[in-house]
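Participant:
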Amino acid sequence: MADNVRVRFAPSPTGLLHIGGLRTALYNYLFARRHGGTFVLRIEDTDRSRYVEEAEADILDSLAWAGLDFDEGPEKGGPHAPYYQSERGDLYKRYVDQLIASGDAYYAFDTPAEIDAMRERLKTPDNPTPTYDASTRMEMANALTLDAVEVQRRLDAGDEFVVRLKVPRGRSARFEDLVRGWVSFDTSEVDDQVLLKSDGMPTYHLANVVDDHTMDITHVIRGEEWLPSVPKHLLLYEFLGWEPPAMAHLPLILSPTGGKLSKRNADKMGIPVSVKDYREEGYEPEALVNFLAFLGWNPGDERELFSLDELVEAYSVERTAHSGAQFDLDKLQWINGQHLRALPMSEIAERAREAVEARVGPVETGQLEAAVGLMRERLTFARDLADAAYLFEDPTDFEEAGVQKRWKDDSAHLVRLYADRLEADVAFTVESTEAVMRQLAEDEGAGFGRIIHPVRLATTGVTVGAGMFETLVVLGRDATIRRLRRAADVLG
RNA sequence: GCCGCGUUCGUCUAGGGGUUUAGGACGCCGCCCUUUCACGGCGGUAACACGGGUUCAAAUCCCGUACGCGGUACCA
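Those letters in the first sequence? Residues 17 to 508, per this note's numbering, in order.
(1) Between the Cα of P90 and those of E458, D61, I116, spot the shortest distance and give me the residue it belongs to.
(2) Using 10 angstroms around the beta-carbon of N306, count the other beta-carbons present and answer buried if the total reaches 16, otherwise exposed.
(3) With distances taken Cα to Cα, identify the nearest neighbour of D436 among R493, D215, P95, R319.
(4) Classify N158 as helix, strand or coil using the three-state DSSP reduction.
(5) With contact counted as at least three CB pairs below 8 Å, one residue from each stretch, are the segment 120–136 and the segment 84–101 in contact?
(6) For P301, does the count of other Cβ atoms within 10 angstroms reach 16, so buried, or fall short, so exposed?
(7) In its own chain, which residues sit with a C-beta less than 7 Å from the C-beta of L84, not counting the 5 before and 5 after it?
(8) For D175, tell me which candidate among E385, R187, G216, E192 has the shortest Cα-Cα distance.
(9) Pick helix, strand or coil for S339, following the three-state DSSP scheme.
(10) So, does the segment 262–278 touch the segment 334–348, judging by three or more C-beta pairs under 8 Å?
(11) Work out the CA separation of R499 and L76 for me, nearest whole Å.
(12) Can you name the start and end residues of the alpha helix (DSSP H) that R392 belongs to?
(13) What does DSSP give as the partner residue(s) for D193 in the beta ladder?
(14) When the distance is taken between beta carbons, is R357 closer than 8 Å to A398?
(15) So is R24 buried or exposed if we call it buried at 16+ other beta carbons inside 10 Å?
(16) Quick check on DSSP: helix, strand or coil for R502?
(17) From the DSSP output, read off the bridge partner residues of L304.
(18) Starting from the Cα of V210, find the closest Cα among L252, Y299, W242 and give me that residue.
(19) Would you check if the distance between the CB atom of R58 and the CB atom of Y99 is smaller than 8 Å?
(20) Over the uninterrupted alpha helix (DSSP H) stretch that includes R39, give me the two end residues.
(21) Considering only residues of the segment 308–363, which uninterrupted alpha helix (DSSP H) runs meet the minimum length of 4 residues and lie entirely inside it, listed in chain order?
(22) Could you check whether the segment 441–453 touches the segment 468–486, counting it as contact only if at least three pairs of C-beta atoms, one from each stretch, sit closer than 8 Å?
(23) Beta carbon of V379, beta carbon of V388: below 8 Å?
(24) Please name the residue or residues paired with D202 in a DSSP beta bridge.
(25) Going along the chain, which unbroken runs of the alpha helix (DSSP H) with 4 or more residues stay wholly within the segment 80–129?
(26) Between Y331 and L194, what straight-line distance do the alpha-carbon atoms span, to the nearest angstrom?
(27) Can Q168 and L256 be called in contact, C-beta distance under 8 Å?
(28) Return helix, strand or coil for T419, following the three-state DSSP convention.
(29) If you measure between the beta carbons of L488 and T496, is that distance less than 8 Å?
(30) Is P360 buried or exposed, if buried means 16 or more other CB atoms sit within 10 Å of its CB?
(31) In terms of residues, what are the limits of the alpha helix (DSSP H) holding R454?
(32) Can you check which of these residues, R472, E326, L268, F408, is closest to L311 by C-alpha distance?
(33) Count the CB pairs spanning the segment 460–477 and the segment 407–427 that are closer than 8 Å, and state whether there are at least three.
(34) Considering only C-alpha positions, which residue in the set P146, A365, A121 is nearest to A133?
(35) Going residue by residue through the segment 201–242, where are the continuous beta strand (DSSP E) segments of at least 3 residues, counting only ones entirely within it?
(36) Between which residues of its own chain and R135 is the CB-CB distance below 6 Å, once the five residues before and five after are set aside?
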């Protein structure tokens, strides 16, 4: 592998960055880091009609959140600035002129309505979508059908025009995709792609090729939806006299049912699609990254839990899967729990703080960490800690089903007795509180379960949670006794 | 329609001619641990789309069919 690897992630600021985009960015990042190369971020903002103001900030925030730092790009700058296509107009113009001069591109004056009319006229059941190409261009209004004087007259008059690529017929365009191997197309299938739009902006195809070349991009790693446009790009590289970069087309991420993972589609299934949603729902960035990396790739052995650095270490494009991968929220959540638990206690505490405080008000760090120590194995999300609000404040009510099942006629009595004995338990440790309860059970001739379940209910309000005595110790003796007595009063 | 790319358990996938009674993970089920719920451990469920070929031998190679996805824009 060349040691001057340069890859880029080139999103369009048309909305919130979605997980498919993040995975593309991730693979590019991994490839760059794996080969000691450079990761470039380029904003492809050539479509003014779809431009969304907040999108760029969201892209930057999302990448930063995921830990995918880039080496060149917006705000950061770099030797190939600017990194916004909207600011690289002169460059595109120069190469468009070159293509026109060499006869590989031509001016076209057809209005959208005229093109639609052509499609309508030529449409047949066998060919429902006629294109502007070698078979139709000679009946349109362009520099190939109009004489030079007329073309110049229209240009001078300020008529709207586009510049189209003059695609040759019957040539084979082939290339070796890094993940799929040899792929070939017949150029007869490709249309005379617009290169320069009537608003003066380049289309994706032109801008992409010009930028990838001028930014010295060595490897293009992007979604499979771009595979069909490779022949256009190959032709452009050839006409411009440039060497095309290596290319890798990644399989798509599919919805849980195998369809397209569109926003609408995903919403219906309760699957978030933008990175921002995952962030807001409390997914750990390490987990999302790990999960996304495995949607279409694996290291070839049986390891599954990876940090970003470990992914860098193990990554290779060649191991990319060839088929689309369905999104599986269950697995993501499992991975989230795994990553969460692997974090240091204090880090989990900080990640849980917001949710906990939203529920019970300000909490001291020591208290928060004690709670994490108790609940860690039970957390899928850091925010789940807030479900154990009883660790921070006395329960206000008692789980109905739990009371039905666990609170017996003698429960209030036993709970009061336990509270009384705890008064004398100076140590108040896991061992001592348990010993006190066992002794009580023996003295009262009651089963251990006859006491512990009501005690749990009385002190936490619920029937599930961490070890009972560990929990009591975290609550402290005063709170424990207070809660026991109050519950005995309330539940009778 | 045409072009392209795909197709191994429900899902993510390993495996790329004999090592395979097709392996792992999530999910699901059962058991163990246990005061509960988790965690963890153990076990179970479950797949090579179909049809032809090539070969002594095919999940693995070739062809076809079916199905899925992508593309077919002055969107990216």
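Quick reminder that beta carbons are idealized off the backbone N, C-alpha and C, glycines included. Quantities reported herein were computed from a predicted structural model and do not represent experimental measurements.
Facilitator: This is what the structure holds:
(1) The shortest C-alpha separation from P90 is found at D61.
(2) Within a 10 Å sphere around the beta-carbon of N306 sit 16 or more other beta-carbons, which makes this residue buried.
(3) It is R493.
(4) Strand.
(5) No: fewer than three Cβ pairs fall under 8 Å.
(6) Counting every other CB atom within 10 Å of its CB across the protein chains shown gives P301 a total of 16 or more, marking it as buried.
(7) Within the same chain, A41, L42, Y45 come within 7 Å of L84 by CB-CB distance, once the 5 residues on both sides are set aside.
(8) The residue from E385, R187, G216, E192 with its alpha-carbon nearest to that of D175 is G216.
(9) Looking at S339 - three-state DSSP - the assignment turns out to be coil, as it is neither helix nor strand.
(10) Contact holds: three or more Cβ-Cβ distances are below 8 Å.
(11) If you take the alpha carbons of L76 and R499, they lie about 49 Å apart.
(12) Following the DSSP letters along the chain, one finds R392 in no alpha helix (DSSP H), marked with neither H nor E.
(13) Note: D193 sits in a beta bridge opposite G197.
(14) No.
(15) The residue in question, R24, is buried, as its Cβ has 16 or more Cβ neighbours within 10 Å.
(16) The three-state reading of DSSP puts R502 in helix, counting H, G and I together.
(17) According to DSSP, L304 bridges with nothing at all.
(18) With distances taken between Cα atoms, V210 lies closest to L252.
(19) Taking 8 Å as the cut-off, the beta carbon of R58 is found closer than this to the beta carbon of Y99.
(20) Per DSSP, the unbroken alpha helix (DSSP H) holding R39 starts and ends at 35–50.
(21) Whole alpha helix (DSSP H) segments, 4+ residues: 324–330, 345–358.
(22) With a cut-off of 8 Å, the segment 468–486 and the segment 441–453 count as touching, because enough Cβ pairs lie within range.
(23) Contact flag unset, no.
(24) DSSP, once it has assigned bridges, lists S188 as partnering D202.
(25) For the segment 80–129, the continuous alpha helix (DSSP H) assignments of 4+ residues that do not extend past its boundaries occur at 105–117, in sequence order.
(26) If I take the Cα positions, the gap works out to 14 Å.
(27) When the beta-carbon positions are compared, Q168 and L256 stay at least 8 Å from each other.
(28) The sequence shown places Val at residue 419, rather than the Thr named in the question. In this structure, V419 counts as helix in the three-state DSSP scheme.
(29) Taking C-beta atoms as the reference points, L488 and T496 count as a pair closer than 8 Å.
(30) Under this definition P360 is an exposed residue.
(31) Looking at the DSSP string, the run of the alpha helix (DSSP H) that includes R454 is 446–460.
(32) The candidate whose alpha carbon is nearest that of L311 is L268.
(33) The segment 460–477 is in contact with the segment 407–427.
(34) Taking only the C-alpha atoms, the option nearest A133 is P146.
(35) DSSP runs (the beta strand (DSSP E)) wholly in the segment 201–242: 210–212, 235–239.
(36) Here the set comprises P146.
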